[in-house]
Amino acid sequence: MRRIKRKRKQKQSVSSNRNAHPSTNQETGRNRLLLSPSIKDNIEQIQRSIGPSSDVTIRQFCSQKGGDADIAIIFIDGMVNENIISDFIITPIMGKVELLRHSLSPLFDLEQKILQVGNVKRISEFESLYTSILSGDTVILLDKITEGIVIDTKSWEGRGVTEAQAQTVIRGPHEGFTEALRVNTSLIRRRIKDKNLCIETKQIGTRTKTEVAIIYIKDIADEKIVQEVRNRLEHIQLDGILDSGNIEELIQDNTFTPFPTIQNSERPDSTSAGILEGRVAIIVDGSPYALLVPALFIQFLQSPEDYYQRLGYGFIRFLRYVSVFISLLAPSLYIAITTFHQEMLKTTLLISIAAQREGIPFPAFVEALIMEITFELLREAGIRMPRAIGPAISIVGALVLGEAAVGASLVSPAMVIVVSITAIAGFTFPTFSIGIPFRILRFGLMVLAATFGLFGIIVGLIAVILHLCSLQSFGVPYMYPFAPLEMNDQKDAVIRFPKWMMKSRPKPFTKWNQVRMGNSYALNNRKNKR
Amino acid sequence: MNTKLTERQLRMLVILYVVGSSILFTPATLAQEAKQDAWIASLISVLIGLFIGYIILKLYKVFPNLTMIEIIEHLLGKWLGKIVGFTFFLFSFLLASLVLRNLGEFIITEILPETPILYVHILVLLAVIQGVRYGIHVIGRSAEILSFFFFFMYFFFVLFLTPQLRFENIQPIFDVGIKPIIRATLPYIGFPFLEVVIFLMVLNKANKNQQVDRSFLSGIVIGGLMISLITIISILVLGADLTERNNYPSYILGKKISIGKFIERIEALIAIIWMITIFVKLSILYYASAESLKQLFQFKRYEFLLFPLGMIIIVLAFIIYPNISYTYYFISRIWFFYSATFGFLLPVLLLIMIKWKKRQPNNKSPSS
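Protein sequence lines, in the order shown, are assigned to chains W and D.
Residues in the first sequence are numbered from 490 upward in steps of one, following my numbering.
Residues in the second sequence are numbered from 185 upward in steps of one, following my numbering.
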């Protein structure tokens, strides 16, 4: 673990060195540039830097007849709300030009008496001026004044809040996150109206300047974990962040593992639930997937539905644990038993399988490999191809490959059943990313089963368990609460316990305020002291 | 970062270590001498094993932060300490190769008769090296998960053997007399219990805030009783004669399981129990070997030793026994005395030295 961390640090320092020369030179050069008293110079400077682009609009007008332009309004077409600009900025300024001309402190008058908008602030540097303009704000510059006014007019076309696509539930909220950061934070704020809910924002990406928000509840989340998240985000030196997946890959604990150590969620309700548990959410502008850290293995098998349906449904979660084993082991067990341990099968079953396999030219391993690869191809094709030809793939998959392969005695019907069960088990996971490691490891276990039988499967499983136990996510052991075993947190592990039994938050996420329920203030206090 | 072993992890490691590969051989070695009274011998052995664990704990209590190698060096001085420490390393290393061979032999005789033993050794060692590379705390965490499967399978195994129990198999009680019973305890004491001394390489990684002694001793007792239970069952089901004649009586028991005439011949699944325990035992021994070699030569880390040690251990496991009957001879006649040297005599000698040094306070300790 330590070794990997050191490596990452090295990588980061290398990348920072690489980036250092051009960016720092440019930035220090620009940072020194303050607004000059002459509006003409300022506008020229802006035109030199961002002016050539066609969407930059510079509206200049003069406050008195015959004079040079002494007021400029700058914004980017398409990223601003034109109504605000025309009704609440340009109209009032034009109406009160006289006031402005005779004013002793025009900026103050602009802010206090003229502009009819909410979010106003002053800037004096070109660098922050560019950033504001490029992120959709409007800037007003006046002649003979070395400060500008920035007005928040951000508004652009985006997808509305729609139903979550990948993590669906039958009962429970159907809203999903959108691509707009502010919409997403509002979806969370609407659910948690706590004054301690913190939304820290920072810009990441030297060129994309993507807004990234860290969301947590101050008096629940472990300050150490929050600080660790801040540090890791701070270390990212990249030209662009296009999705939370980019961030996930740069801040995860261990790159060389098939298992995801950061949870992603497109559902505001499950993200809020995570925040209430004391975890830290990371939302990236432009991505409908929030990240949740620290992530435990069990959390990838929890569906929000488990908590919304009545208790009986909590037991359905056990089924997902079964499907972990099926998805990992079914083909390899079939290979091992038919190749090495035929005595375990009942004689009638053995005879029927042997009869099916009679005309098949391949050993069981090759047969399984063909079917598994075919299935993975179908699945990948199903995601990538255009929606319109969707039905074609199901015909090809079901009829041609299933029926015809058996008819041509390339694979046995029993193998088709095994592969289908494996596939269906793989679809029961509430989070897509947890299915991937099992798909990958399945092939390794098939090789072990074909060479060493059940013994090989056991050694492979032990190796997987060792690997899982070695992982951690932001300092929390990945296999918690199984290893290290914590009886108190079994209430939300294999099956969900009744809500009134889930009185405390999971231990590793929070040092304070572990009690989340009940009228016993004294109990809360006692725990706090500890 | 939390890299200490918790109380529960330590207990699970001790249980799985004690059950280890002994569970394959012990019913047969006990039945060899004590016949149908083997179960009495096994219970006596557990008591003696508890005493051995107590002695080791005493030594641990004096130096809770030191490993066996460091304790030896601290008490015997640099040069003598290094020599004795090296023999201790050899003890754990030899034991590791014996355990590896036990597993390999078991796999190729019972489960995969056509597979060369070399490849079985290589496969297991790769997983062991992976675990030791992650560190003892990861092995401890894995032991928690593996022990869940272990206990589940074990009780499944015992439960479904109950219909086969024939109580006339242990009658008459005390037929063989007291002497064979005492003689029968020796290989059992030697095989898992005297080897528990290896835990002096691990205990310094235990969380001091928790009750190390309780989990250590309870681990020894639970592990010992689990072997005793298998011994009793194999005599009750197979009879003393068959138990004694079979190479792996506990494996043969798996063949007797029949659930509703549908689930039968699942001994290969039952063998998962032994694979888990042997794997954990091997990992601990391998860790102890690498750690003791590291401390003897004062290396900073042991990761680079793992592959070279693995190559040696594979060859050693290959030549260490000529065949399975020699294994039985070795376990019942020779091993007890070798492991008693390190598992009992050495700790007792060290404890006497500590007492003796305390009596002479002016005698300054060599390392300080």
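We put the beta carbon where it would ideally sit given N, CA and C, even for glycine.
Quick caveat: nothing in here was measured; it's all calculated off a predicted structure.
For residue i, which residues of its own chain have a beta-carbon under 7 Å away from its beta-carbon, when the five flanking residues on both sides are left out?
{"i": "W:Pro987", "result": "Leu800"}
{"i": "D:Leu227", "result": "Ser412"}
{"i": "D:Tyr432", "result": "Leu208, Phe290, Glu294"}
{"i": "D:Ser473", "result": "Phe273, Ser276, Phe277, Ala280, Leu493"}
{"i": "D:Ile414", "result": "Ile207, Pro211, Ser434"}
{"i": "W:Ala939", "result": "Ile824, Thr828, Phe854"}
{"i": "W:Phe921", "result": "Ala655"}
{"i": "D:Phe154", "result": "There is no way to answer for residue 154 of chain D, as the model of chain D reaches only from 185 to 552."}
{"i": "W:Asp559", "result": "Ile528, Cys551, Ser552, Leu631, Asp632"}
Ordered along the chain, which non-local residues of its own chain (more than five positions away) have a Cβ less than 8 Å from that of residue i?
{"i": "D:Arg195", "result": "Ser399, Phe400, Ser402, Gly403, Ile406"}
{"i": "W:Ile842", "result": "Thr827, Leu834, Ser901, Ala903"}
Using the DSSP secondary-structure output, state which residues sit across from residue i in a beta bridge.
{"i": "W:Asp981", "result": "W:Arg985"}
{"i": "W:Arg611", "result": "W:Ile638"}
{"i": "W:Thr546", "result": "W:Phe564"}
{"i": "W:Lys1000", "result": "Answer is none; W:Lys1000 lacks a bridge partner."}
{"i": "W:Thr828", "result": "According to DSSP, which records beta bridges pairwise, W:Thr828 is partnered with nothing at all."}
{"i": "W:Pro966", "result": "W:Gln961"}
{"i": "D:Ile447", "result": "D:Ile443"}
For residue i, which residues from the same chain have a beta carbon less than 6 Å from its beta carbon, with the 5 sequence-adjacent residues on both sides left out?
{"i": "D:Ser281", "result": "Ile497, Leu500, Ala501, Ile504"}
{"i": "D:Gly233", "result": "Phe377, Ile404, Gly408"}
{"i": "W:Thr517", "result": "At W:Thr517 the pLDDT is 47, less than 50, meaning the model places this residue with poor confidence and gives no usable figure here."}
{"i": "W:Arg680", "result": "Ser761"}
{"i": "D:Lys188", "result": "Asn391"}
{"i": "W:Arg719", "result": "none"}
{"i": "W:Leu790", "result": "Arg809"}
{"i": "D:Leu533", "result": "none"}
Count the other CB atoms, across all protein chains shown, that sit within 10 Å of the CB of residue i; report buried if there are 16 or more and exposed otherwise.
{"i": "D:Thr511", "result": "buried"}
{"i": "W:Ser613", "result": "exposed"}
{"i": "D:Gly204", "result": "buried"}
{"i": "W:Tyr796", "result": "buried"}
{"i": "D:Tyr201", "result": "buried"}
{"i": "D:Asp221", "result": "buried"}
{"i": "D:Lys484", "result": "exposed"}
{"i": "W:Ile906", "result": "exposed"}
{"i": "W:Phe998", "result": "buried"}
{"i": "W:Gln752", "result": "buried"}
{"i": "W:Ser542", "result": "exposed"}
{"i": "D:Pro347", "result": "exposed"}
{"i": "W:Asn572", "result": "exposed"}
{"i": "D:Ala225", "result": "buried"}
Interface residues of chain W around residue i at Cβ under 9 Å?
{"i": "D:Ile365", "result": "Within 9 Å Cβ-Cβ: nothing; D:Ile365 doesn't reach chain W, min ~36 Å."}
{"i": "D:Thr299", "result": "Thr940, Phe941, Gly942, Phe944"}
{"i": "D:Ile291", "result": "Phe941, Phe944"}
Interface residues of chain D around residue i at Cβ under 8 Å?
{"i": "W:Met968", "result": "Arg325, Ile329"}
{"i": "W:Leu955", "result": "Ala311, Gln314, Gly315, Tyr318, Val322, Ile323, Ser326"}
Just to confirm, does residue i get its C-beta within under 6 Å of one of the non-hydrogen atoms of the ligand ATP?
{"i": "D:Pro492", "result": "With respect to small molecules bound, the structure shown includes none, and the ligand ATP cannot be examined in it."}
Who are the neighbours of residue i on chain W, taking C-beta pairs under 7 Å?
{"i": "D:Phe463", "result": "Ile951"}
{"i": "D:Ala452", "result": "His830, Met833, Leu943"}
{"i": "D:Phe446", "result": "Lys835"}
{"i": "D:Arg449", "result": "Glu832, Met833"}
With the cut-off set at 7 Å, would you say residue i and residue j are in Cβ contact?
{"i": "W:Arg756", "j": "W:Gln656", "result": "yes"}
{"i": "D:Leu477", "j": "D:Phe273", "result": "yes"}
{"i": "W:Val983", "j": "W:Phe807", "result": "yes"}
{"i": "W:Leu839", "j": "W:Gln831", "result": "yes"}
{"i": "W:Ser812", "j": "W:Ala912", "result": "no"}
{"i": "D:Gly374", "j": "D:Phe520", "result": "yes"}
{"i": "D:Met537", "j": "D:Leu250", "result": "no"}
{"i": "W:Phe577", "j": "W:Gln549", "result": "no"}
{"i": "W:Val773", "j": "W:Val701", "result": "yes"}
{"i": "W:Leu974", "j": "D:Arg285", "result": "no"}
{"i": "W:Ile562", "j": "W:Ile603", "result": "no"}
How would you list, in chain order, the residues of chain W whose beta-carbon sits under 8 Å from the beta-carbon of residue i?
{"i": "D:Met337", "result": "Those within 8 Å of D:Met337 in chain W number zero; the least Cβ separation is about 11 Å."}
{"i": "D:Val308", "result": "Val948"}
{"i": "D:Leu296", "result": "Phe829, Phe941, Gly942, Phe944"}
Quick one: which chain D residues come within Cβ less than 7 Å of residue i?
{"i": "W:Leu974", "result": "Arg192, Glu328"}
{"i": "W:Ser959", "result": "Tyr318, Val322"}
Chain D partners of residue i, CB-CB under 9 Å?
{"i": "W:Phe971", "result": "Arg325, Glu328, Ile329, Phe332"}
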